[in-house]
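Residue numbers (this note's numbering), protein chains in the order written: chain A, 411 to 1039; chain B, 10 to 325.
In this text, a Cβ means the ideal position worked out from N, Cα and C, and glycines have one as well.
For reference, the structure is listed below as structure tokens.
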Ligand SMILES: Cc1ncc(C[n+]2csc(CCOP(=O)(O)OP(=O)(O)O)c2C)c(N)n1
Ligand code: SF4
């Protein structure tokens, strides 16, 4: 096997994250690439949550797909919710104490799912108990069933390690670890490394290790290790294993962020938490992480800070960004470098607070009254997000504009193996700064489009949200208006010239493809994998990845699309309108008439993208895909 | 830059025409500002006047120190961002009552809780001046200044009371026509370490025909002249002191107190709280810290790995 996929499920707050972390670390410690997406409700404890992962021996995976090789269930709800996700012959790990639990009696399950399951069970002639589903999987789908009595295992660990019964349930996450480790034959040293990393207290580590060993012994005795991965073929000496939130936080620190303001919102807040963890920058300086009373305060405090010369940013999501828009306009008017890291989630309104989406693109590009230049970057994966976060600060300062860095929940909460960043090529460019000792300083000096910046404290200067003169004083003169307006807007031309086209897109696939997919953000990983699969079946499919929307990669896209039949251009996006395709038209005049869209809040999976493209070949123009619990 | 001469009031004036209505209370506040800045000889580069939107919002353009004229209601977040990034600057905020207590009320409360070392001067004219005289949050119910088509249907907020409840550590009221008194309040507020709030009674001669100079002249009296000691000498003394100050803040119909209501020196400033967590914060604040060496990040790859070791997985 070169690729392993699994789903780990359980109640929110039940230790799933621990299971996922330990497995991810263990696999990556052995040299495999891992990506694991976390899906959860807007709930703290009790609702169904799951981790869906790909482990690869040949690459650092950026895609997810179904069906999976393993479904590991902490509870009965997971068995019901995910039994369809298991491939024929795959492994179901579950708690046999749940055998007689019936799907109809699970309060945390949404009624819609219950109704759908009810219909399906009726069709299959199942009585709706865990036992009936397990039997069905065994008989009709050739599943290998790892039935473990969690109760007995917990009693065993209590006995062996002298744990008090009330603490025993903490070890459920390790039961799943042990079972998955056994059937995939994880390297024992790597597993030990993970357990040590996760459980820093010696006794807790020992108890968990002991639990894992009990389970591994049991499972290995019954099953072989059919799901053993081949030796890894990834040449790396080290990885980062981090979520998108954490990768961006690390990048911001490299970029020299010294002020971040935020108001808590999922899925952005974790970034600020991580920054706060590193606020002392290990003793040298300080990074102020400022939790404000709301997003209005967050953006405006960050702008105020930016005026003093610090690299300053905010991290937010849709509802928060909406509140920030007025401030963004002030930054545009006053040519303030400010970075907004925008974690998209399902909208409108609070929409799907913990699910993913890409429906805020048009809002990012057009947000605000009035006209002013801004930069909009969009990252496709953790590695891109890392470098984009650094570029965002450089561009903000070089062009003296607000920069919106678009990412999404998929990236934010997905933990992935990331190559160790190459900091040798990272540059910090602060743009044009005013020299010291000037007699007069004009903040908005009209003799250049990008006036030299001075920081508050250096000179006397003025800022105003009103149209202003070169000093920053309010000015309503029509000629001044034109001069100031042109000065600001001409930055668009400068950005166009100075930000290389290659920086704004990437292309994957054959030259002159027959079909061209066009996408952005988290679509990247899955699209690249899907075209690989299709191309290995003899098709010629390419993927054009947009990595900057302002400035837009007009030339390359125009050139490439000319070579493809107009009807074979397909937008692939996580929104209803195929928003990026509209920006393509706006920027190039090219119409993209076909789209594959998903707006359930779950990521696009390889298998469904491949199917959707095949359907398009049969003539469909719009595919709405929806796989996933 | 070294400055040889003593700065005079004129050095703190810009040549921008002050376009307030003739007779506006704002002139008195501006005058007190010039004098306070000159008395304290504040360096123009190191002093920042931040404002929101409204007639009062124009103040920074008239003062020859750095000025940041921001958004309606948002002056405080800007000021906090500036101060926290560079605590070496003196930051004075000039805002309207609508700005501060209407659209910006959440920020007003939050600043009190934080006790950032800032001065907030509220131009309290009971109306929204620049949008032509609508009722502001400090206008009493049933009053009908001349621009209002109907008497005011909402109750007034008590700004001093709200400041006490929010945790401001210097709380005072001034009157635009008592420039010397106001100047002293501004100076004390600037010298105070922590969040200072001055509610300034500011006649709007164009829209408020009720709270006229005459109205205030008859009613204002100086708390200090009547022997009010505003200082809470210990944390234990605060509740009682604050309660008494609150009672004073409700005096209004016939007697309107001005002067210092409350000073609470027992609370650490926000900057001090940050310094507790960030040992170098005051020595090298965020705005003073290098982030690059020769165009490269100050964080080398070795440093990166060390800093973020919990994310690094080394393979054999
Ligand atoms: C978000 C927003 N809403 C409304 C306005 C319109 N506006 C301009 S000035 C003003 C009133 C200002 O009143 P106040 O804060 O009391 O200041 P004054 O003019 O009385 O000094 C308003 C509502 C605005 N600029 N921004
Ligand atoms: S409208 Fe009122 S507050 Fe505004 S300038 Fe005129 S008098 Fe002053």
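Under 7 Å from any heavy atom of ligand 1, does the C-beta of residue 140 (chain B) make it?
As a first step, residue 140 (chain B) is located in the second chain; it is residue number 131 there, counting from the start. Shortest gap from the CB of residue 140 (chain B) to any heavy atom of ligand 1: under 7 Å.
Taking residue 178 (chain B) and residue 204 (chain B) to be in contact with their CB atoms under 8 Å, please state how far apart those CB atoms are, rounded to whole angstroms.
By one-based count along the second chain, residue 178 (chain B) stands at place 169. By one-based count along the second chain, residue 204 (chain B) stands at place 195. Taking the Cβ atoms as the reference, residue 178 (chain B) lies roughly 6 Å from residue 204 (chain B), within the contact range of under 8 Å.
For a contact defined as C-beta to C-beta under 9 Å, what are the partners of residue 293 (chain B) on chain A?
The count along the second chain starts at 1 and reaches residue 293 (chain B) at position 284. By Cβ distance, chain A contributes 694, 695 and 696.
For chain A, is any of its Cβ atoms less than 8 Å away from the one on residue 103 (chain B)?
Against the second chain, residue 103 (chain B) aligns to sequence position 94. Interface flag for residue 103 (chain B) against chain A is unset, since no Cβ pair is found closer than 8 Å.
Who are the neighbours of residue 689 (chain A) on chain B, taking C-beta pairs under 8 Å?
As a position in the first chain, residue 689 (chain A) is number 279, starting the count at 1. In chain order, 286 and 287 make up the part of chain B whose C-beta sits under 8 Å from the C-beta of residue 689 (chain A).
Less than 8 Å between CB atoms is the rule here; does residue 361 (chain A) satisfy it with respect to chain B?
There is simply no residue 361 (chain A) to check, as chain A begins at 411 and stops at 1039 in what is shown.
Near residue 62 (chain B), which residues of its chain fall below 6 Å by C-beta distance, leaving aside the five closest residues on each side in sequence?
Mapped onto the second chain, residue 62 (chain B) falls at position 53. Same-chain partners within the cutoff: 81.
Go through the region 442 to 520 of chain A residue by residue and report every complete run of the beta strand (DSSP E) that reaches 3 residues or more, in order.
Taking only runs of at least 3 residues, the beta strand (DSSP E) segments lying wholly in the region 442 to 520 of chain A are 443 to 449, 458 to 466, 478 to 483 and 496 to 505.
Have a look at A:832, A:942 and A:655 and flag the residue whose alpha-carbon is nearest the alpha-carbon of residue 678 (chain A).
Numbered from its first residue, the first chain carries residue 678 (chain A) at position 268. Here the closest residue by C-alpha is A:655.
What residues of chain B sit near residue 871 (chain A), judged by a beta carbon separation below 7 Å?
By 1-based counting over the first chain, the position of residue 871 (chain A) is 461. Under the 7 Å cutoff, chain B gives 75.
Could you tell me whether any non-hydrogen atom of ligand 1 is closer than 7 Å to the CB of residue 132 (chain B)?
One-based indexing of the second chain puts residue 132 (chain B) at position 123. With a cut-off of 7 Å, the C-beta of residue 132 (chain B) is classified as near ligand 1, since at least one heavy atom of the ligand falls inside that distance.
Residue 215 (chain B) Cβ short of 7 Å to ligand 4 heavy atom set:
This structure does not include ligand 4; its bound ligands are ligand 1 and ligand 2.
Could you check whether the Cβ of residue 328 (chain B) sits closer than 7 Å to any heavy atom belonging to ligand 1?
Given a span of 10 to 325 for chain B in the structure shown, any question on residue 328 (chain B) remains unanswerable.
Residue 116 (chain B): contacting residues in chain A (beta-carbon distance under 7 Å)
Within the second chain, residue 116 (chain B) is the residue found at index 107, counting from 1. From the beta-carbon of residue 116 (chain B), the residues of chain A found nearer than 7 Å are 703 and 707.
Assuming residue 645 (chain A) and residue 825 (chain A) form a contact by the criterion Cβ under 8 Å, report the distance between their Cβ atoms to the nearest whole angstrom.
Your numbering for residue 645 (chain A) matches position 235 in the first chain. Your numbering for residue 825 (chain A) matches position 415 in the first chain. Not really, about 22 Å apart at Cβ, beyond 8 Å.
Determine contact between the region 764 to 771 of chain A and the region 622 to 635 of chain A, defined as no fewer than three beta-carbon pairs at a distance below 8 Å.
Output reads no: the region 622 to 635 of chain A does not touch the region 764 to 771 of chain A.
Is residue 1037 (chain A) near ligand 1 - that is, is its Cβ less than 7 Å away from at least one heavy atom of it?
To locate residue 1037 (chain A), count along the first chain from 1; it is residue 627. No - ligand 1 has no heavy atom lying nearer than 7 Å to the Cβ of residue 1037 (chain A).
Kindly confirm or deny that the region 44 to 62 of chain B and the region 94 to 111 of chain B touch, where touching means at least three C-beta pairs closer than 8 Å.
Cβ pair count under 8 Å is three or more, so yes.
For ligand 2, is there any heavy atom lying closer than 7 Å to the beta carbon of residue 29 (chain B)?
Numbered from its first residue, the second chain carries residue 29 (chain B) at position 20. Correct: residue 29 (chain B) has its Cβ closer than 7 Å to ligand 2.
Test: residue 83 (chain B) CB closer than 8 Å to a CB of chain A:
The sequence position of residue 83 (chain B) within the second chain is 74, counting from 1. For residue 83 (chain B), the answer is yes, since a Cβ of chain A falls inside 8 Å of its Cβ.
Going by CA-CA distance only, name the one from B:253, B:201, B:238 and B:263 that's closest to residue 220 (chain B).
Here residue 220 (chain B) refers to the residue found at position 211 when the second chain is read from its first residue. It is B:263.
Is the beta carbon of residue 710 (chain A) within less than 7 Å of some heavy atom of ligand 2?
The residue given as residue 710 (chain A) occupies position 300 in the first chain. No; taking the cut-off as 7 Å, the Cβ of residue 710 (chain A) has no heavy atom of ligand 2 nearer than that.
Continuous alpha helix (DSSP H) assignments of at least 4 residues falling wholly in the region 154 to 215 of chain B:
Complete alpha helix (DSSP H) runs here, min 4: 168 to 175 and 188 to 200.
Does residue 668 (chain A) pass the burial test, meaning 16 or more other C-beta atoms within 10 Å, or should it be called exposed?
Locating residue 668 (chain A) in the first chain gives position 258, where the first residue counts as 1. Buried: at least 16 other Cβ atoms inside 10 Å.
Does the Cβ of residue 136 (chain B) lie closer than 7 Å to at least one heavy atom of ligand 1?
Taking the second chain and counting its residues from 1, one reaches residue 136 (chain B) at position 127. Residue 136 (chain B) has its CB nearer than 7 Å to a heavy atom of ligand 1.
Indicate whether residue 798 (chain A) and residue 753 (chain A) have their beta-carbon atoms separated by less than 8 Å.
Within the first chain, residue 798 (chain A) is the residue found at index 388, counting from 1. Within the first chain, residue 753 (chain A) is the residue found at index 343, counting from 1. Contact annotation: residue 798 (chain A) and residue 753 (chain A) have beta-carbon atoms that are not nearer than 8 Å.
Which one of B:78, B:129 and B:48 has the shortest CA to CA distance from residue 881 (chain A)?
Reading the first chain from its first residue, position 471 is the one you call residue 881 (chain A). Per the Cα distances, B:78.
Which of the residues in the region 735 to 747 of chain A, read from start to end, lie with their CB under 8 Å from any CB of chain B?
Against chain B - using a Cβ distance shorter than 8 Å - the residues of the region 735 to 747 of chain A are 736, 737 and 740.
From residue 510 (chain A) to residue 566 (chain A), what does the alpha carbon distance come to, in whole angstroms?
Taking the first residue of the first chain as 1, we reach residue 510 (chain A) at position 100. Taking the first residue of the first chain as 1, we reach residue 566 (chain A) at position 156. Taking the straight line joining both Cα atoms gives about 23 Å.
Please indicate yes or no: does the CB of residue 103 (chain B) lie closer than 7 Å to some heavy atom of ligand 2?
On the second chain, position 94 is the one that residue 103 (chain B) refers to. Annotation for residue 103 (chain B) indicates a beta carbon at 7 Å or more from all heavy atoms of ligand 2.
Closer than 8 Å between beta carbons: that is the criterion. Which residues of the region 49 to 73 of chain B meet it against chain A?
From the region 49 to 73 of chain B, only 53, 54, 55, 57, 59, 62, 67, 69, 70 and 73 have a Cβ closer than 8 Å to chain A.
Where the alpha helix (DSSP H) through residue 586 (chain A) begins and ends
Here residue 586 (chain A) refers to the residue found at position 176 of the first chain. Element bounds for residue 586 (chain A): 582 to 594.
Cutoff 6 Å; reference residue 958 (chain A); Cβ partners in own chain excluding five residues on either side:
Along the first chain, one-based indexing puts residue 958 (chain A) at 548. If we look at residue 958 (chain A) and ignore the five residues flanking it on each side, its Cβ neighbours are 787 and 914.
Residues of its chain near residue 961 (chain A), where Cβ-Cβ distance is below 8 Å and the 5 sequence neighbours each way are ignored
Stepping through the first chain from its first residue, residue 961 (chain A) is reached at position 551. In chain order, 785, 902, 905, 906, 909 and 914 place their CB closer than 8 Å to the CB of residue 961 (chain A), counting only its own chain and leaving out the 5 sequence neighbours on each side.
So does residue 218 (chain B) have its beta carbon nearer than 7 Å to some heavy atom of ligand 2?
As a working mapping, residue 218 (chain B) is identified with position 209 in the second chain. Residue 218 (chain B) Cβ: outside cutoff for every heavy atom of ligand 2.
Whole angstroms is fine: what's the gap from residue 322 (chain B)'s alpha carbon to residue 68 (chain B)'s?
Here residue 322 (chain B) is taken as the residue at index 313 of the second chain, counted from 1. Here residue 68 (chain B) is taken as the residue at index 59 of the second chain, counted from 1. In a straight line, the C-alpha of residue 322 (chain B) is about 56 Å away from that of residue 68 (chain B).
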